[in-house]
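Residue numbers (the numbering used here), protein chains in the order written: chain A, 2 to 250; chain B, 3 to 286.
Backbone N, C-alpha and C define an ideal beta-carbon position, used for all residues, glycine too.
Worksheet: the structure to be examined is printed underneath.
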Amino acid sequence: MTAEQDRFAAALLNPGAARPEGLEDGGHRAAGRRFDVYRNNVTVSLIEALQSGFPVLTRLLGEANMAELARLFLRAHPPSSPRLMLYGEGLPEFIARQEALAHLPYLPDVARLELAIRQSYHAADAAPIDPGLLATIPPEELLAARLRLAPALRLLRSDHPVCAIWRYNMEDGAPRPEAGAQDVLITRPEFDPVPLPLPPGGGDWIAALAEGMTIGEALDAVADQPFDPGPSLTLLIQGNAITAIEREP
Amino acid sequence: MLDKTPLGNLPPAPGVGYKPQHFSDVMQDPAPVRWLEIHAENYMGDGGRPLAQLRALSERFPISVHGVGLSIGGDGPLDQDHLARLAHLVDWLNPASFSEHLAWSTHDGAFLNDLLPLPYTDATLARVAAHIDEVQDRLGRRMLLENPSSYLAFAESTWSETEFLAELVRRTGCGLLLDVNNVFVSATNLGFAPRDYVDAFPLDSVGEIHVGGHDEDADDHGAPLLIDSHGRAVADPVWTLLEHTLARSGPRPVLVEWDNDVPAWPVLCDEAQRAARALAVLPR
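So this is what it looks like as structure tokens:
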């Protein structure tokens, strides 16, 4: 590495740092605030990337507060890749460490949900099973089968009504969130990810399926709570989230 | 160094930077727009709508893949993961052209999301040439390198920008993407004549031309400082500079870039129509 790009990069991300030396206008005068064009481009473009990547967070905080949070975050955690579509992975934990935001304890999970939706949007395509297939399998065989789940599926377990908060801020006429924990299933029926709340136990059951347990083993894993797999299975089918049923030979 | 292959397969006609909100418009009535340019990094996901749209577009239009994150001017090695993703996209799409910038954007593992300037010295020339060789070898095709928009200059530079670019062409066999808005912005900011720059530019190696909008600001001394914002219509003097360039270069693919405050499709088509008129007056 040359010291030159070290100094240039450090001064871009640190507004208190002196501007690098050896920079001029076209007539050999010091470049002065011309350097700030680059500073501004870096900071503003990354703030905008975070604002558009976390629309509900931005709504909850307000645009100016979100810009301030994004400015702190990008200086501590600039993107590690030019794929800005995935930028902000560390933001939930960063928010959780901000004392000024401690009175909004659901914010990190809102950020996690928005990240998961973005990851789902860009995940690989996979053809779903024919929904009629499940009905053709005898119950004992179904319990011994494993479900292969779509790459676009995401699961989020939250102590907060995070799906309701998301919906309230994204959809006109959505009901006000009520306090309570929520497991959220994100599926991508076609191109747009859909987050839906799961019934109690649904998050644990789908997590067990995703780990590769058979349907029966996954039911055993949630046996300590009253759980009917029917509604959760329906959400998986409607979300085009099952791509194969693997049965023992 | 790659053998002399064509400077890409884009038609010498107007193209525009593709934005997803224009998908239906483009498919229904492209009007004067004959080809599209995409930013490579926006299509480096694994699937979903972006890649599905790109597949559909590529069945109807020649596509130019324009990278904004390879950091060819960076002083460290090229990001091998990023180069692999680029190779994957180019292999899958087989685009009519691939281009990148004479700039750096990644440092010490951090992607800074801007096209940052480099001094023009023997050392930077050798480094950029080695990076271009590596990219062309990896992609198995000739690439176009775009001239930057400059807000400042380096005291240590010993090459002019046009000589620097011409020498890169000579060493690597790459082609060039001439952004005439960047020429106008740099000329205003650094106090040279934009036509002199175009006249000194190795126009035979130009496989594509860009035009775009810029904003106006001022430096510490009140001198005009133009910002390459791509957020408005192309300024009149930039159209004039395009006409001057085309008169010397002959017909070339001309792209209208509008990346921020993106307008409705008909507005973008009007800009493309203006590029079409600039091409239409050239002798055949």
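**Prompt:** Which bits of chain A does D116 of chain B rub up against, with CB to CB less than 7 Å?
**Reply:** Y39, N42, V43, S46
**Neighbouring residues, chain B, relative to R84 of chain A (Cβ below 7 Å)** = E43, M46
**Asked** Sorted by chain position, which residues of the same chain lie with C-beta nearer than 7 Å to Q30 of chain B's C-beta, five sequence neighbours on each side aside?
**Response** Cβ within range, chain order: n/a, list empty.
**Proximal residues of chain B, C-beta to C-beta of G23 of chain A below 7 Å** = Within chain B, the residues near G23 of chain A are F156, A157, E158.
**Prompt:** Using a Cβ-Cβ cut-off of 8 Å (strictly less than) and excluding sequence neighbours within five positions of E247 of chain A, which residues of its own chain qualify?
**Reply:** Residues of the same chain with a CB within less than 8 Å of the CB of E247 of chain A, apart from the 5 flanking positions on each side, are A146, R147, L148, R149 in chain order.
**Sufficient close CB pairs (3 or more, under 8 Å) joining the segment 101 to 119 of chain A to the segment 162 to 171 of chain A** = These segments touch.
**Prompt:** At a CB-CB cut-off below 8 Å, which residues of chain B make contact with G27 of chain A?
**Reply:** A155, N191, L192, G193, F194
**Request:** Locate the alpha helix (DSSP H) running through L281 of chain B, then write down its first and last residues.
**Result:** 267 to 282
**Prompt:** The beta strand (DSSP E) spanning T247 of chain B covers which residue range?
**Reply:** Note, T247 of chain B: premise wrong, no beta strand (DSSP E); alpha helix (DSSP H) at 238 to 251.
**Prompt:** R147 of chain A touches chain B at which residues, Cβ-Cβ below 8 Å?
**Reply:** Chain B residues near R147 of chain A: none, gap ~23 Å exceeds 8 Å.
**Message:** Using a Cβ-Cβ cutoff of 8 Å, what residues of the segment 62 to 81 of chain A are near chain B? List them in chain order.
**Reply:** P79, P80, S81
**Prompt:** Per DSSP, what kind of secondary structure is V213 of chain B in: helix, strand or coil?
**Reply:** In this structure, V213 of chain B counts as strand in the three-state DSSP scheme.
**Request:** Go ahead and pull the three-state DSSP assignment for R147 of chain A.
**Result:** strand
**Prompt:** Given a threshold of 16 other Cβ atoms within 10 Å of its Cβ, counted over all protein chains shown, does S73 of chain B qualify as buried or as exposed?
**Reply:** buried
**Message:** Just to make sure I have the definition right: I need the residues of chain A whose C-beta is within less than 8 Å of the C-beta of L227 of chain B. Which are they?
**Reply:** Within chain A, the residues placing a beta-carbon under 8 Å from that of L227 of chain B are R35, V38, ordered along the chain.
**Prompt:** If you drop the 5 nearest sequence neighbours on each side, which residues of the same chain put their C-beta closer than 8 Å to that of L141 of chain B?
**Reply:** L88, A89, V92, F100
**Request:** Could you tell me whether the segment 69 to 84 of chain A touches the segment 112 to 121 of chain B, using the rule of 3 or more Cβ pairs below 8 Å?
**Result:** yes
**Message:** Using the Cβ count rule (16 or more neighbours within 10 Å means buried), how would you classify A32 of chain A?
**Reply:** buried
**Request:** With DSSP as the reference, label V35 of chain B as helix, strand or coil.
**Result:** It is coil, neither helix nor strand.
**Candidates A:P152, A:M214, A:N241, A:P201: closest to D225 of chain A by CA position** = A:P201
**Request:** Grab the span of the beta strand (DSSP E) containing P52 of chain B for me, first residue to last.
**Result:** First-last for P52 of chain B: 51 to 60, but that is the alpha helix (DSSP H), not the beta strand (DSSP E).
**Request:** Given a cut-off of 8 Å, decide if L13 of chain A and V43 of chain A are closer than it, judged by their beta-carbon atoms.
**Result:** Result yes, Cβ atoms of V43 of chain A and L13 of chain A sit closer than 8 Å.
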